[in-house]
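Sequences listed follow chains A and B, in order. Just so it is clear: in the first sequence, position 278 is 278 by our numbering, and no numbers are missing. Just so it is clear: in the second sequence, position 410 is 859 by our numbering, and no numbers are missing. See below for the structure under consideration.
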Amino acid sequence: MTQRTATQEEAYLAASESFESNGASHDPAWARELRKDALDRFRELGFPTARRGNEEWKYTDVMPIARVPVRLGAADAAATVDAESVAQASLGAAQWPQLVFVNGRYSEALSSVDALPEGVTTVSLAEAMRSTPDLVQPHLARFAGYADNAFTALNTAFLHDGAFVHVARGLRVDDPIRLLFLSTGDGEETVAQPRVLIVAGEESSASVLEAYAGLSEGDHLTNAVTEIVVGAAARLDYYKVQRQPEQAYHVTNTHVAVERDSRFSSVNIDMGGRLTRNNLNLVTLDQDCSCYLTGFYMVTGRQHVDNQVIIDHAKPYTTSRELYKGILDGRSRSVFHGSIIVREGAVKVNANQVDKNLLLSDQAEADTKPAFWIYCDDVKCGHGAACGHMDPTALFYLRSRGLDERTARGLLTRAFLSEVIEGIANETLRGQIDGLVADTLREWLGDVG
Amino acid sequence: MTTTNQVVRDVAKQEYKYGFVTDVEQESAPPGLNEDTIRFISAKKNEPEWMLEWRMKAYHHFLSLLDGERLPGWANIHHPPVNFQDIIYYSAPKAKKELASLDEVDPEILSTYEKLGIPLQEQKRLAGVAVDAVFDSVSIATTFKEELAKHGIIFCSMSEAVQEHPDLVRKYIGSVVPHTDNFYAALNAAVFSDGSFCYIPKGVRCPMELTTYFRINSEGSGQFERTLIIADEGSYVSYLEGCSAPMRDENQLHAAVVELITLDNAEIKYSTIQNWYPGDDEGKGGIYNFVTKRGICQGRNSKISWTQVETGSAITWKYPSVILRGDDSIGEFYSVALTKAYQQADTGTKMIHLGKNTRSTIIAKGISAGHAQNTYRGLVRVMPRATNAWNFTQCDSLLLGDQCGAHTTPYVEVRNNSAHLEHEAFTSKVSEDQLFYCNQRGISIEDAHSLIINGFCKEVFKQLPLEFAVEATRLLEMNLEGTVG
Numbered sequence: 001m002t003q004r005t006a007t008q009e010e011a012y013l014a015a016s017e018s019f020e021s022n023g024a025s026h027d028p029a030w031a032r033e034l035r036k037d038a039l040d041r042f043r044e045l046g047f048p049t050a051r052r053g054n055e056e057w058k059y060t061d062v063m064p065i066a067r068v069p070v071r072l073g074a075a076d077a078a079a080t081v082d083a084e085s086v087a088q089a090s091l092g093a094a095q096w097p098q099l100v101f102v103n104g105r106y107s108e109a110l111s112s113v114d115a116l117p118e119g120v121t122t123v124s125l126a127e128a129m130r131s132t133p134d135l136v137q138p139h140l141a142r143f144a145g146y147a148d149n150a151f152t153a154l155n156t157a158f159l160h161d162g163a164f165v166h167v168a169r170g171l172r173v174d175d176p177i178r179l180l181f182l183s184t185g186d187g188e189e190t191v192a193q194p195r196v197l198i199v200a201g202e203e204s205s206a207s208v209l210e211a212y213a214g215l216s217e218g219d220h221l222t223n224a225v226t227e228i229v230v231g232a233a234a235r236l237d238y239y240k241v242q243r244q245p246e247q248a249y250h251v252t253n254t255h256v257a258v259e260r261d262s263r264f265s266s267v268n269i270d271m272g273g274r275l276t277r278n279n280l281n282l283v284t285l286d287q288d289c290s291c292y293l294t295g296f297y298m299v300t301g302r303q304h305v306d307n308q309v310i311i312d313h314a315k316p317y318t319t320s321r322e323l324y325k326g327i328l329d330g331r332s333r334s335v336f337h338g339s340i341i342v343r344e345g346a347v348k349v350n351a352n353q354v355d356k357n358l359l360l361s362d363q364a365e366a367d368t369k370p371a372f373w374i375y376c377d378d379v380k381c382g383h384g385a386a387c388g389h390m391d392p393t394a395l396f397y398l399r400s401r402g403l404d405e406r407t408a409r410g411l412l413t414r415a416f417l418s419e420v421i422e423g424i425a426n427e428t429l430r431g432q433i434d435g436l437v438a439d440t441l442r443e444w445l446g447d448v449g
Numbered sequence: 450m451t452t453t454n455q456v457v458r459d460v461a462k463q464e465y466k467y468g469f470v471t472d473v474e475q476e477s478a479p480p481g482l483n484e485d486t487i488r489f490i491s492a493k494k495n496e497p498e499w500m501l502e503w504r505m506k507a508y509h510h511f512l513s514l515l516d517g518e519r520l521p522g523w524a525n526i527h528h529p530p531v532n533f534q535d536i537i538y539y540s541a542p543k544a545k546k547e548l549a550s551l552d553e554v555d556p557e558i559l560s561t562y563e564k565l566g567i568p569l570q571e572q573k574r575l576a577g578v579a580v581d582a583v584f585d586s587v588s589i590a591t592t593f594k595e596e597l598a599k600h601g602i603i604f605c606s607m608s609e610a611v612q613e614h615p616d617l618v619r620k621y622i623g624s625v626v627p628h629t630d631n632f633y634a635a636l637n638a639a640v641f642s643d644g645s646f647c648y649i650p651k652g653v654r655c656p657m658e659l660t661t662y663f664r665i666n667s668e669g670s671g672q673f674e675r676t677l678i679i680a681d682e683g684s685y686v687s688y689l690e691g692c693s694a695p696m697r698d699e700n701q702l703h704a705a706v707v708e709l710i711t712l713d714n715a716e717i718k719y720s721t722i723q724n725w726y727p728g729d730d731e732g733k734g735g736i737y738n739f740v741t742k743r744g745i746c747q748g749r750n751s752k753i754s755w756t757q758v759e760t761g762s763a764i765t766w767k768y769p770s771v772i773l774r775g776d777d778s779i780g781e782f783y784s785v786a787l788t789k790a791y792q793q794a795d796t797g798t799k800m801i802h803l804g805k806n807t808r809s810t811i812i813a814k815g816i817s818a819g820h821a822q823n824t825y826r827g828l829v830r831v832m833p834r835a836t837n838a839w840n841f842t843q844c845d846s847l848l849l850g851d852q853c854g855a856h857t858t859p860y861v862e863v864r865n866n867s868a869h870l871e872h873e874a875f876t877s878k879v880s881e882d883q884l885f886y887c888n889q890r891g892i893s894i895e896d897a898h899s900l901i902i903n904g905f906c907k908e909v910f911k912q913l914p915l916e917f918a919v920e921a922t923r924l925l926e927m928n929l930e931g932t933v934g
């Protein structure tokens, strides 16, 4: 790899011109207007590469991401992908509906949405912007503000492809709706900027699985933005599983807005990627909502994973639970930055936030920053963080019962993550995730039985 | 419920009783900061050339920060920019002649300390506390000097130390908080006027509590003191610090530096009751308390313990920290920060684990009332070589009233997998169940609040030396009077 010195702001601005004239020119005027505005903002912001006084990116250097050469995904990349590799990269059951994206571009041929019940819309975003603008326009870019976030501005400047999921009022959908984002490219880097909008109508119930995987090596950059609106009394379970190749750069900004009496849960899993940064922002729009944000990360080698979770309790009588766990091996590094904000007048908020890290190697590093910003007195907020190595007493106990060292370590590591895995509501998915963890540990520790 | 609200409303109204001004003849430098100001201070103190050079180096660094607009902006505090040219950097009660003993100190000043409850004169024997009192910029008197000298302990003002013990000062000053550390540390290094110096020789256990009392008196002046405490091998000292200032509408700057050094098996216990004038109910006036305090456990098996009760100042910006360099060393931080009216506090600690088997404990309690904003900011860093490091952190906040804020921003950085770290925090108001329980046992709302809040702070108060613990409890009650009962 040649030494990269320059950040790519200019290249993105240039790419935007050809992007606007090819394909994306058929988008409605309001979408083009939005893109233009976001591009202007990106031009002003640039990548947040400053190392001094850059609290948002205190522990993560943006420079390698900013230097990834700009090669936007071509529409024909999907042709190189066969159904078998899609099946391999997919999670869940084969009959569950799935939209497939290759290098950020929607592939109708690889997708399967036949199993969808009536009342559920799952289409590419470009299609939705044309056919059902009245469903899309009120929500798109409403919560994912790009005024002070360069990555969201950049994604919005290239807003075109992506997924739109809409669940009609009162509808209950049992099988998770799957969105699969693949990156490929003959060892060359590609930049994908997928955009997802999920709208769960009032009193509906659904689950969505957003998965990221890579079919080839190469410095792929994914800069995704997902917006989720959970209607009044609706329930949405959201899963995000990132298993990209070890050179991949992965940045996501997820914005969730929950309405009255709703229930939202998310499970965020990171097992791949060279450098991963997930921003998860949640705001309560009305009272009596409850939110469960969990996740885990398993990293090794020189992997770096950074989770920033901000829960904004803007309204009273809202509850949130947050549990993130990390397993670090090799020279990997994890960052967790959780913020709980309780606004003035948001009484009876009950919020809890926990981040725990298990360091398997003596060269791994865990940085964690669980923060509160509380402007209301009548609240109950707690947080906890812990970092440490495997309990030698527990290990000794298992060894004394006849388990070999590797099995004992594997067992304790899986047990450490089980708190998160058991929270996965969907049984099929829970089993698969547990299997992935076991596979990874087998790779790290040797056969763990 | 009405009573509770009344109680809470009243908390913010407690008056500041140390707000008087003492009328003594003052000798001051003209306001403004330039090389001449520094030369003036240095000349006043009759300092050796190396000290002046040291100050100048710091001053030029400060200028580069000021010009580069590299003022610390990360803290959760808001204030108009400080005009560093408006401040009087040196102000001292006019010395009529060399003071030979305490009896020659201006009686006006002594009566000031009387009012503050600092036993400088007759009570000193009874109290058994050695006091160094700093009035505006200079040290007024140090009591019990001879008694301490018997043990080989040096306890004097910084100016005196520069004259009498230049080798010690030169060796250690700036070794824990270099002038390049931060903006206000640079300013302090350039213009510091006095402070306390303390050296405990090998194997000596200081027979009494050492105290420094700081008082800002003159208008328009800033106070920039510098404290240096060195505990040589196997020694022990407990050190207390108190402070107050008159009530004024303007904001006065206090930018102090405290450096602690412990060698093998030594221990320093440093307690502060900070009660600078916090400004009035509308948030007008008060002290900007921008202080850098840091200790280094240089030697094996040494210990530094910070205890602070922060009730004063319009703005507090203060992070007493410990660098745990020696193997098996221990760092502790116990803090109660009470903010009311429009006070702002951004305070906490840093524990930097460098040595093996190092341990640290952080207990921070924040109480917010009125329109106050109270932030805990802490860092626990375990470096790669710090095998078997251990930390426990608890930072709790109590909110009294619906206009105030309580914030917690702990940073945990672990670079060694044998480290064991636990962090807990909890934020809530005074529990209705607890209040109800007290009420039904015949305890008034007021007393119940006081009881519960004292219980909330107990873990910290019990770390204070006895006299201070009593004072701290009283201070807290006074501050909360009218807010809680």
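Just so you know, even glycine gets a beta-carbon here, dropped at the ideal spot from N, CA and C. Note that the structure is predicted; figures quoted are calculated from it, not measured.
Taking 8 Å as the cut-off, the Cβ atoms of B:D776 and B:G804 count as close. Contact with chain A is absent for B:R774, since none of that chain's Cβ atoms lies less than 8 Å from the residue's Cβ.
Against chain B, the CB of A:E55 has a partner CB under 8 Å away; the residue lies at that interface. Nearest in C-alpha terms to A:R235, of all of A:A257, A:A206, A:R243, A:Y212, is A:A206.
About 19 Å separates the CB atoms of B:T858 and B:T810; that is not less than 8 Å, and the two are not in contact.
For B:T858, at least one C-beta of chain A is nearer than 8 Å to its own C-beta. Assigned with DSSP and collapsed to three states, B:F885 falls in helix. Going by C-alpha positions, A:L293 is about 20 Å away from A:G272. For A:T368, a Cβ of chain B is located within less than 8 Å of the residue's own Cβ. Pairing A:E55 with B:W766 gives a Cβ-Cβ distance that is not under 8 Å. By the criterion of a C-beta distance shorter than 6 Å, B:A855 is surrounded in its chain by G815, S817, N823, S846, L848, T876, once the five residues flanking it on both sides are discounted.
DSSP, read as helix, strand or coil, puts B:I487 in helix. Spanning the alpha carbons of B:V686 and B:H600 requires a straight line of approximately 12 Å.
In chain order, E322, G338, I340, P370, H383 place their CB closer than 7 Å to the CB of A:Q353, counting only its own chain and leaving out the 5 sequence neighbours on each side. In the three-state DSSP reduction, A:V305 falls in the strand class (E or B). Per DSSP, B:N637 is one residue of the alpha helix (DSSP H) stretching across 632–640.
A distance below 6 Å between beta-carbons, with the five flanking residues on each side excluded, links B:A868 to the following residues of its chain, in chain order: V831, A838. Interface with chain A (8 Å Cβ-Cβ cutoff): B:V785 is excluded.
With respect to the 8 Å criterion, A:F19 and A:F143 are not classified as neighbours on the basis of their beta carbons. Contact check between the region 894–908 of chain B and the region 402–418 of chain A: fewer than three CB pairs, one atom from each, fall below 8 Å, which does not count as touching. Around A:I198, the same chain offers V165, V208, I228 as residues with beta carbons nearer than 6 Å, after the five sequence neighbours per side are excluded. Residue range 365–374 is occupied by the beta strand (DSSP E) that includes A:W373.
Under DSSP, the beta-bridge partners assigned to B:I812 are B:Y783, B:Q843. According to the DSSP assignment, A:N268 belongs to the beta strand (DSSP E) that extends over 263–270. Less than 8 Å divides the Cβ of B:T741 from the Cβ of B:Y633. The DSSP assignment places no complete alpha helix (DSSP H) segment of no fewer than 4 residues inside the region 743–792 of chain B.
Runs of the alpha helix (DSSP H) lying entirely within the region 20–65 of chain A, each at least 4 residues long, are 29–45 in chain order. Between B:V626 and B:V706, the gap from beta carbon to beta carbon is short of 8 Å. B:L925 and A:I374 have their C-alpha atoms roughly 22 Å apart.
Take the alpha-carbon of A:A93 and the one of A:Q242: they are about 18 Å apart.
Counting along the chain, the unbroken alpha helix (DSSP H) around A:R409 starts and ends at 405–421. Judged by pairs of C-beta atoms under 8 Å, the region 105–121 of chain A does not touch the region 140–156 of chain A, as fewer than three such pairs exist. Among the bridge pairs identified by DSSP, A:E10 is matched with none.
At a cut-off of 8 Å between beta carbons, A:K315 makes no contact with chain B.
B:R864 belongs to the set of residues whose beta carbon lies under 8 Å from a beta carbon in chain A. The secondary-structure analysis by DSSP pairs A:A224 across a beta bridge with A:T252.
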